[in-house]
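Before any comments, here is the structure.
Numbering (my numbering), first residue to last: 104 to 463.
In structure tokens:
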């Protein structure tokens, strides 16, 4: 067991099993031994490759989408443009490149990157060093929700990494799935000692013994707070991630990935990325609770095609004929149902009176 695993084992020995949400928080965010403090997760040599790292077209199309949503709501200023989980800054750099097509929008925005990792902040600062707009960093989203003026937010592969709780249907009804320690050097899964009054949405169906139900309270809370800000001041949020569509079911989706290979969730905490499917139906419900309207989810492939990725790829290929095959491969990876096109989905959150946004 590695050093962080030993620390978690001591915590469990002292206070008993911990929730999966607490385990994820420690494994990902421990300031000394956590995943984001010690690993270089993003990119072709990292643990996973995100859409912005595959092609600049992804971020450019999202940037054009944001500009159009701003125009549709009357081009009000000033504008706060927030990114959750900005990685190396690649997505925001591409969004701002597209934003240059509307000088009025570019002149109106200030960019806020919500990031806690010092290493990633340095990478973002380097990537956005020549940006023609003010850029600042925040540790928490709530620091930037009361700026005044329209709020536009983008989040790509952010919600899948938020802590989840798991509940298992047993003879004693729903018990929480916990992380325990076997006393011999291994972390194990365990159950809460008492059942909990959990009531999954009825549309998920009737559970059988052993059924696992996942929830993400942090994700739903973030969406509700963002929705409240958008309802009050205008703007839009665009969330792209992998997960369930309009109707979620039961089942375990928690996974660990290290060097682009699956690993054991409880093995070597802090050395693998942990994530779980996003429940878009739950996010849409939270958006509506916050006073806005949710559009989608739609598959990433259909979304990007409706935004014109095919035309954009053709223009790029004509300008860079030696890169034609690379560009075509990137488009295929982003839109193919066999790759990211259906597993990944987009959802948009806008004021109730705003026009239906592009792609939805």
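Yeah, the Cβ is synthetic: ideal placement off N, Cα and C, and Gly gets one too.
Run the CB neighbour count on residue i, radius 10 Å, all protein chains shown included, and call it buried at 16 or more, exposed below.
{"i": "residue 172", "result": "buried"}
{"i": "residue 56", "result": "Only positions 104 to 463 of the chain appear in the structure, and residue 56 is not among them; the question remains open."}
{"i": "residue 382", "result": "buried"}
{"i": "residue 269", "result": "buried"}
{"i": "residue 344", "result": "buried"}
{"i": "residue 444", "result": "buried"}
{"i": "residue 459", "result": "exposed"}
{"i": "residue 183", "result": "buried"}
{"i": "residue 263", "result": "buried"}
{"i": "residue 153", "result": "buried"}
{"i": "residue 387", "result": "buried"}
{"i": "residue 425", "result": "exposed"}
{"i": "residue 207", "result": "exposed"}
Return the Cβ separation of residue i and residue j in integer angstroms, given the expectation that the two are a contact with Cβ distance under 8 Å.
{"i": "residue 165", "j": "residue 341", "result": "6 Å"}
{"i": "residue 197", "j": "residue 134", "result": "So it is not a contact: roughly 30 Å between Cβ atoms."}
{"i": "residue 449", "j": "residue 401", "result": "6 Å"}
{"i": "residue 185", "j": "residue 333", "result": "Not quite, the Cβ-Cβ distance comes to about 11 Å (not below 8 Å), so this is no contact."}
Specify, as a first and last residue, the run of the beta strand (DSSP E) that residue i falls within.
{"i": "residue 239", "result": "238 to 241"}
{"i": "residue 281", "result": "276 to 284"}
In this structure, how does DSSP classify residue i when only helix, strand and coil are distinguished?
{"i": "residue 214", "result": "strand"}
{"i": "residue 377", "result": "strand"}
{"i": "residue 181", "result": "coil"}
{"i": "residue 444", "result": "coil"}
{"i": "residue 324", "result": "helix"}
{"i": "residue 361", "result": "strand"}
{"i": "residue 319", "result": "coil"}
{"i": "residue 162", "result": "helix"}
{"i": "residue 426", "result": "helix"}
{"i": "residue 152", "result": "coil"}
{"i": "residue 186", "result": "strand"}
{"i": "residue 410", "result": "coil"}
{"i": "residue 463", "result": "coil"}
{"i": "residue 207", "result": "helix"}
{"i": "residue 193", "result": "helix"}
{"i": "residue 247", "result": "helix"}
{"i": "residue 119", "result": "coil"}
{"i": "residue 437", "result": "helix"}
{"i": "residue 344", "result": "strand"}
{"i": "residue 299", "result": "coil"}
{"i": "residue 353", "result": "coil"}
{"i": "residue 270", "result": "strand"}
Just reading off the alpha helix (DSSP H) that residue i is part of, what are its end residues?
{"i": "residue 293", "result": "Counting along the chain, residue 293 falls outside any alpha helix (DSSP H), though it belongs to the beta strand (DSSP E) covering 290 to 294."}
{"i": "residue 448", "result": "Counting along the chain, residue 448 falls outside any alpha helix (DSSP H), though it belongs to the beta strand (DSSP E) covering 447 to 454."}
{"i": "residue 59", "result": "Since the first and last residues shown for the chain are 104 and 463, residue 59 lies out of range."}
{"i": "residue 262", "result": "Run containing residue 262: none; DSSP gives neither H nor E here."}
{"i": "residue 399", "result": "Taken as a continuous stretch (DSSP letters only), residue 399 belongs to no alpha helix (DSSP H), being part of the beta strand (DSSP E) at 395 to 402."}
{"i": "residue 222", "result": "221 to 230"}
{"i": "residue 391", "result": "383 to 392"}
Does the distance from the CB of residue i to the CB of residue j come in under 7 Å?
{"i": "residue 420", "j": "residue 427", "result": "yes"}
{"i": "residue 359", "j": "residue 377", "result": "yes"}
{"i": "residue 254", "j": "residue 336", "result": "yes"}
{"i": "residue 327", "j": "residue 392", "result": "yes"}
{"i": "residue 396", "j": "residue 302", "result": "no"}
{"i": "residue 127", "j": "residue 266", "result": "yes"}
{"i": "residue 323", "j": "residue 385", "result": "yes"}
{"i": "residue 230", "j": "residue 286", "result": "no"}
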